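J.: Can you keep this structure in mind? I'll have questions shortly.
Numbering (my numbering), first residue to last: 1 to 191.
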């Protein structure tokens with residue numbers, strides 16, 4: 001009999017957390033995002049790119065006496081960083097896009113840059129935006145319209161869309177994570 005064992009988690013994913021309770025205070029959001037970045041850094045050090053970072057895949061739970069303990073879930077779309085150029089049409093089906101439109105990095109849409117660890121940084125910027133504002137970076141009527149905005153539109157700073165007071169440094173960091181060009185984003189999750 002084949003089977004696998006999974007850890008039973010008690011908590012809530014970040015998507016449900018914000019939908020149920022509204023935007024998260026900046027200090028708490030930073031605390032949770034820092035933990036997610038630690039996990040991503042560990043994956044990136046092993047040349048693994050998650051490719052589906054989104055609030056539903058970030059689970060906030062209790063771990064002993066620790067509250068807001070974050071687990072990064074669902075490595076089902078993981079790609080090895082040295083597995084080949086994802087933009088090569090011989091390796092991917094024409095027109096295929098892997099990931100969730102609301103959190104998808106521009107290079108997956110345009111194909112102008114290779115997908116690498118900085119792609120996950122873009123998605124983390126989208127998650128931070130969600131936590132701080134309770135809104136998507138680019139709300140749109142259709143997935144295609146949303147993808148177009150991720151590829152071309154500049155985001156409104158989270159501080160202008162949140163009911164919470166967001167420090168300027170945090171606002172700037174989120175916008176850096178959301179840079180269209182990977183080279184303009186923080187170089188890695190550790191940074």
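Heads up, the beta-carbon is just placed ideally off N, CA and C, and yes, glycines get one too.
Values in this document were obtained by computation on a predicted structure and should not be read as measured data.
Quick one: is residue 90 buried, meaning 16 or more other Cβ sit within 10 Å of its Cβ, or exposed?
T.: In this prediction, residue 90 has a pLDDT of 36, which is less than 50 and means its spatial position is unreliable; what the coordinates show is noted afterwards. Exposed is the call here.
J.: On a CA-only basis, which of 81, 113, 9 is nearest residue 69? Give me that one, please.
T.: Cα-wise, what sits closest to residue 69 is 9.
J.: Can the beta-carbon of residue 53 be found less than 8 Å from the beta-carbon of residue 129?
T.: No.
J.: Residue 111 and residue 18 - do their beta-carbons sit closer together than 8 Å?
T.: Not closer than 8 Å, so no.
J.: Is residue 115 helix, strand or coil by DSSP?
T.: DSSP places residue 115 in coil when its eight states are reduced to three.
J.: Would you list the one or two residues that DSSP bridges to residue 70?
T.: BP columns for residue 70 point to 60.
J.: Would you kindly work out how many angstroms separate the C-alpha atoms of residue 23 and residue 141, rounded to a whole number?
T.: Their backbone Cα atoms lie some 22 Å apart in a straight line.
J.: For the stretch 18–45, which segments carrying the alpha helix (DSSP H) assignment without a break, of at least 4 residues, lie completely within its bounds, in sequence order?
T.: Correct list: 26–45.
J.: Taking C-beta to C-beta, are residue 81 and residue 117 nearer than 8 Å?
T.: The answer is yes: Cβ separation under 8 Å.
J.: In angstroms, rounded to a whole number, what distance separates the CA positions of residue 62 and residue 164?
T.: C-alpha separation (whole angstroms): 25 Å.
J.: Identify every residue that forms a DSSP beta bridge with residue 49.
T.: Residue 49 pairs with 79.
J.: Please report the straight-line C-alpha distance between residue 105 and residue 171, rounded to a whole angstrom.
T.: So the two alpha carbons sit approximately 19 Å from each other.
J.: Whole angstroms is fine: what's the gap from residue 143's alpha carbon to residue 190's?
T.: Using only the alpha carbons, I get a separation of about 31 Å.
J.: Give me, in chain order, the residues of the same chain whose beta-carbon lies closer than 6 Å to that of residue 79; leave out the 5 immediate sequence neighbours on both sides.
T.: Contacts found: 49, 51.
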